[in-house]
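Numbers 1 to 239, taken from the numbering used here, label the letters of the sequence shown in order.
Don't be surprised by glycine CBs; every beta carbon is placed ideally from N, CA and C.
The structure displayed is predicted, hence computed values, not measured ones.
Report on the structure given below.
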Amino acid sequence: MLGAFLLGIITAVGPAAGADQVAILSTDEDDLSLEPGESTTIDVDLYAEGGHGDDGVVALEFVAAYDPDGLEITDIERGPWLEQGTETTVHAEGTLAHDEGTALLEQWRDPVAGGATGLDTVATVTVTAHPDAPAGETALEFGDTAVELESEWPVPVVDGPTTVVIEDDEAASGESQSADAADTGTTDAGGSERGPVSAVMTAVSEGNGSLLATALVGLSLGVLCALVVVVARHTGRIS
Numbered sequence: 001m002l003g004a005f006l007l008g009i010i011t012a013v014g015p016a017a018g019a020d021q022v023a024i025l026s027t028d029e030d031d032l033s034l035e036p037g038e039s040t041t042i043d044v045d046l047y048a049e050g051g052h053g054d055d056g057v058v059a060l061e062f063v064a065a066y067d068p069d070g071l072e073i074t075d076i077e078r079g080p081w082l083e084q085g086t087e088t089t090v091h092a093e094g095t096l097a098h099d100e101g102t103a104l105l106e107q108w109r110d111p112v113a114g115g116a117t118g119l120d121t122v123a124t125v126t127v128t129a130h131p132d133a134p135a136g137e138t139a140l141e142f143g144d145t146a147v148e149l150e151s152e153w154p155v156p157v158v159d160g161p162t163t164v165v166i167e168d169d170e171a172a173s174g175e176s177q178s179a180d181a182a183d184t185g186t187t188d189a190g191g192s193e194r195g196p197v198s199a200v201m202t203a204v205s206e207g208n209g210s211l212l213a214t215a216l217v218g219l220s221l222g223v224l225c226a227l228v229v230v231v232a233r234h235t236g237r238i239s
């Protein structure tokens, strides 16, 4: 996938800038899914062969842009990209500007030692879906990244935006609540289910024993009276 992407970009930009002067940013996934409040890490890769000859990349400002209403980048760390080439020290300084929807990571070689070229991870970002984010699609974009060559010749930067799908977790929650509401039975201490009437009787007995006793006495008297009436009718005492 990355090879085809690189070929397409080089073909499009090559006539204007030269294939060895194009910097391409991409991620392993074209899209990913997050639930509100969920976080994930994303590795961003850079492909750059520098300028003509041995003109390597000596510094860059990595920029990740996003919609702050849907996402937030909570952490950004440099990858090993600038460590390629002659051994040197790589410095990095990051800035998170959530209100502006950007995360910046400046990186530079000291000494430059000919710069770096090749394909590797340039940054790792931790992105979180906003807890109140609406369901839908948003994107992470890296096209504002700036790449600096030792010759200071400008380098076109092309990015492959990553689509982030924010899922609707309310639907699943609603289905669970509907299932709970449909179950009107309860379970006794032994684990067996009982119906609504049994549940009410248990609640009465647990809450007020004297009330239950009174109810049972009244019920017994009612049954006794009914039996007396039946017997009297059979003996002819009641017409």
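Helix, strand or coil at D250 [DSSP, three-state] = Any answer about residue 250 is impossible in this case: the structure gives the chain only from 1 up to 239.
Rounded to a whole number of angstroms, what is the C-alpha to C-alpha distance between D69 and D54?
-> The residue you call residue 69 lines up with position 69 of the sequence shown. The residue you call residue 54 lines up with position 54 of the sequence shown. Distance between the alpha carbons of D69 and D54: 43 Å.
Indicate whether V157 and E137 have their beta-carbon atoms separated by less than 7 Å.
-> Taking the first residue of the sequence shown as 1, we reach residue 157 at position 157. Taking the first residue of the sequence shown as 1, we reach residue 137 at position 137. The answer is no: Cβ separation not under 7 Å.
Report back the beta-carbon spacing between E83 and E93 to the nearest angstrom; my notes put them in contact at under 8 Å.
-> The residue labelled residue 83 in the question sits at position 83 within the sequence shown. The residue labelled residue 93 in the question sits at position 93 within the sequence shown. That pair is no contact at about 16 Å.
Just reading off the beta strand (DSSP E) that E77 is part of, what are its end residues?
-> In the sequence shown, counting from the first residue as 1, residue 77 sits at position 77. From DSSP, the beta strand (DSSP E) with E77 extends over L71 to R78.
Going by DSSP, what residues sit across from D120 in a beta bridge?
-> As a first step, residue 120 must be located in the sequence shown, where it is residue number 120. Beta-bridge pairing links D120 to L46.
Using CA coordinates, which residue listed in P161, T126 and D132 is at the minimum distance from D30?
-> Your numbering for residue 30 matches position 30 in the sequence shown. The residue with the shortest Cα to Cα distance from D30 is P161.
How big is the Cα-Cα spacing for I73 and L96?
-> The sequence position of residue 73 within the sequence shown is 73, counting from 1. The sequence position of residue 96 within the sequence shown is 96, counting from 1. Looking at the two C-alpha atoms, the distance is approximately 7 Å.
P131 to T40 span [Cα, whole Å] = Taking the first residue of the sequence shown as 1, we reach residue 131 at position 131. Taking the first residue of the sequence shown as 1, we reach residue 40 at position 40. Distance between the alpha carbons of P131 and T40: 14 Å.
Should G79 and G115 be called a contact, given that it needs their Cβ atoms to be closer than 7 Å?
-> Counting from one through the sequence shown, the residue named residue 79 turns up at place 79. Counting from one through the sequence shown, the residue named residue 115 turns up at place 115. Cβ atoms of G79 and G115: not closer than 7 Å.
Using DSSP bridges, identify the partner residues of W108.
-> Here residue 108 is taken as the residue at index 108 of the sequence shown, counted from 1. Answer by DSSP bridge pairing, in chain order: A59 and H91.
Between L32 and T163, what straight-line distance do the alpha-carbon atoms span, to the nearest angstrom?
-> Your numbering for residue 32 matches position 32 in the sequence shown. Your numbering for residue 163 matches position 163 in the sequence shown. Taking the straight line joining both Cα atoms gives about 6 Å.
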